[in-house]
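Structure first, commentary second.
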Amino acid sequence: MSEMSYSEAIQKASASITRFPLIPVRGVPLMNYIANNWDSIWAFRPDPSDLLVATYPKAGTTWTQEIIDLLLHNGDAEICKRAPTPVRSPFLEICSPPPIPSGLDLLKKMDPPRVIKTHLPFQLVPPGFWENKCKAIYVARNAKDNLVSYYHFDNMNLTQPEPGPSWEGGYHIQSHNVSWGSWYDHVKGYWVEREKRNILYLFYEDMKENPRREIERIMRYMDLSVSDEVIDRIVELTSFKNMKENPMANYSCVPAPVFDQSISPFMRKGEVGDWTNHFTPEQSKMFDEDYEKQMKDVNIPFRTLI
Ligand code: A3P
1 MSEMSYSEAI
11 QKASASITRF
21 PLIPVRGVPL
31 MNYIANNWDS
41 IWAFRPDPSD
51 LLVATYPKAG
61 TTWTQEIIDL
71 LLHNGDAEIC
81 KRAPTPVRSP
91 FLEICSPPPI
101 PSGLDLLKKM
111 DPPRVIKTHL
121 PFQLVPPGFW
131 ENKCKAIYVA
141 RNAKDNLVSY
151 YHFDNMNLTQ
161 PEPGPSWEGG
171 YHIQSHNVSW
181 GSWYDHVKGY
191 WVEREKRNIL
201 YLFYEDMKEN
211 PRREIERIMR
221 YMDLSVSDEV
231 IDRIVELTSF
241 KNMKENPMAN
251 YSCVPAPVFD
261 QSISPFMRKG
271 EVGDWTNHFT
281 PEQSKMFDED
291 YEKQMKDVNI
301 PFRTLI
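For the sequence shown, the UniProt record's numbering begins at 1 and goes up steadily by one.
Below, the structure is given as structure tokens:
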């Protein structure tokens with residue numbers, strides 16, 4: 001599907017766009033369109049050559065998808081502008097009002113190997129991925145920055161529940177009850193399974209600190225080999241600034257009835273530590289106390305600053 005037709009489909013559906021309610025699927029709150037289509041999502045059978053990119057929302061999914069597409073195309077910027085991110089790399093579970101194509105609709109039209117995005121927590125990933133031994137890359141972002149990013153996203157994504165009147169209104173305590181569920185369950189679910197399932201577990205903060213090193217890790221995991229010069233080019237093409245200006249990577253393909261980028265741009269800040277501009281010392285203390293409790297059973301090396 002071309003960029004025009006994807007954007008047009010969203011435009012056509014704009015009268016049916018609303019902040020959709022969340023319905024729990026096995027205890028995980030998901031948009032009603034996803035919950036209502038759950039049986040076909042769960043039954044999805046990937047090809048063994050398909051690659052899964054799994055993240056909690058706002059952890060760096062789009063950035064990772066762009067890196068992977070460039071690695072698969074030897075750093076060819078033009079080929080990677082063939083279509084917007086959600087068409088090049090479909091979003092497995094997404095379902096919206098017609099005529100917007102669902103993730104499954106887009107996947108049906110593509111030949112494997114495909115790069116498939118999901119925000120599903122580990123326990124909701126269709127079992128076909130593990131039965132077929134698909135590769136999977138998980139990207140995790142520290143809880144505070146992830147939550148700040150999600151807050152701004154929930155403001156501009158007019159299909160998500162309202163995040164409340166303001167950050168001060170208490171969004172900082174919402175890390176459990178948002179679309180796709182708890183950040184804690186998400187990052188822990190993939191962490192405990194990473195060795196058994198051969199999941200490459202990455203951190204947003206590492207990607208910011210040394211993108212070249214992390215791009216090379218992704219390359220090796222995918223059994224690819226590109227030249228140093230191509231890696232340099234991919235580092236450059238996937239910088240925050242370049243992706244923000246790239247209409248095929250900055251979600252300008254999703255028109256304002258869904259993503260109102262005048263409220264907050266999709267490519268918002270792209271930094272580590274923006275939480276310090278949002279959390280008051282009291283909010284931070286309250287958050288840290290809960291964090292300690294939630295994370296006491298694992299030792300995931302998150303960094304909230306670099
Ligand atoms: P911020 O809201 O903190 O700016 P996702 O793709 O999972 O929805 O994640 C979006 C977050 O990743 C946003 O964070 C966005 O700015 C950031 N991001 C996207 N591309 C990036 C890049 N190339 N470098 C750094 N951050 C990036």
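Glycine is no exception: its CB is placed at the ideal position from the N, C-alpha and C atoms. This one's a predicted model, so the numbers in the text were calculated from it and none came from an experiment.
Short of 7 Å in beta carbon distance, which residues of its chain neighbour residue i, apart from the five on each side in sequence? Order them along the chain.
i, result
"D290", "none"
"N242", "E236"
"G60", "V139, R141, Y204, M207"
"R19", "L158, T159, Q160, P161, E162"
Return yes when at least one heavy atom of the ligand A3P lies under 8 Å from the C-beta of residue i, else no.
i, result
"D145", "yes"
"W180", "no"
"P86", "no"
"residue 308", "For the chain, the structure presents residues 1 to 306; residue 308 sits outside this window and is missing."
"S252", "no"
"M31", "no"
"H152", "yes"
"A77", "no"
"G273", "no"
"M267", "yes"
"M243", "yes"
"W63", "yes"
"M110", "no"
"K188", "no"
"F279", "no"
"Y6", "no"
"K81", "no"
"P57", "yes"
"F240", "yes"
"G270", "yes"
"M207", "yes"
"W138", "One point to set straight first is that residue 138 is Tyr, not Trp, in the sequence displayed. No, the ligand A3P has no heavy atom inside 8 Å of this Cβ."
"Y201", "no"
"E66", "yes"
"S149", "yes"
"Y204", "yes"
"G27", "no"
In chain order, what residues of the same chain have a beta carbon less than 6 Å from the beta carbon of residue i, not counting five sequence neighbours either side?
i, result
"M4", "Because the pLDDT of M4 is 47, which lies under 50, any placement of that residue in the model is unreliable, and the number read from its coordinates should be weighed accordingly. Nothing meets the Cβ criterion."
"N299", "none"
"E193", "F122"
"L71", "M219, L224"
"A77", "L237"
"L305", "G273"
"W42", "P126"
"S264", "H152, N155, M156"
"A35", "I23, V25"
"residue 339", "With the chain represented from 1 up to 306, any question about residue 339 goes unanswered, as that position is not in the structure."
What is the C-beta distance between residue i and residue j, in whole angstroms, given that I count them as a contact (C-beta under 8 Å)?
i, j, result
"K117", "V53", "5 Å"
"F279", "H172", "6 Å"
"I215", "G75", "Not quite, the Cβ-Cβ distance comes to about 10 Å (not below 8 Å), so this is no contact."
"V28", "G181", "4 Å"
"P86", "A9", "Going by Cβ atoms, the distance from P86 to A9 rounds to 11 Å, so no, they are not a contact pair."
"Q160", "S175", "Going by Cβ atoms, the distance from Q160 to S175 rounds to 15 Å, so no, they are not a contact pair."
"K293", "M267", "Contact flag wrong, Cβ pair sits at about 34 Å."
"V187", "Y56", "7 Å"
Specify, as a first and last residue, the run of the alpha helix (DSSP H) that residue i falls within.
i, result
"L147", "143–156"
"I234", "228–237"
"K188", "183–193"
"Y221", "211–221"
"K241", "240–245"
"P131", "Here residue 131 is Glu; the residue named in the question, Pro, does not match the sequence. Note, E131: alpha helix (DSSP H), 128–131."
Ordered along the chain, which non-local residues of its own chain (more than five positions away) have a Cβ less than 8 Å from that of residue i?
i, result
"I68", "L51, V53, S89, V115, I137, I218, M222"
"M286", "H172, I173"
"Q65", "V53, T85, R88, S89, V115, K117"
"Q11", "P255, P257"
Where do the N-terminal and C-terminal ends of the beta strand (DSSP E) with residue i fall, by residue?
i, result
"F203", "199–203"
"T159", "From DSSP, T159 is part of no beta strand (DSSP E); its letter is neither H nor E."
"V139", "135–140"
"I173", "Run containing I173: none; DSSP gives neither H nor E here."
"V115", "115–118"
TODO: Entirely within the region 261–306 and at least 4 residues each: give me those alpha helix (DSSP H) ranges in chain order.
DONE: Qualifying alpha helix (DSSP H) stretches, in chain order: 281–294.
Open item on the list: As an exercise, report each continuous beta strand (DSSP E) stretch of at least 3 residues that is fully enclosed by the region 40–108, in chain order.
Closed with: 51–55
Task: Length-filtered (3 minimum) beta strand (DSSP E) runs lying within the region 5–45 - done: 22–25, 28–31, all fully within the region 5–45.
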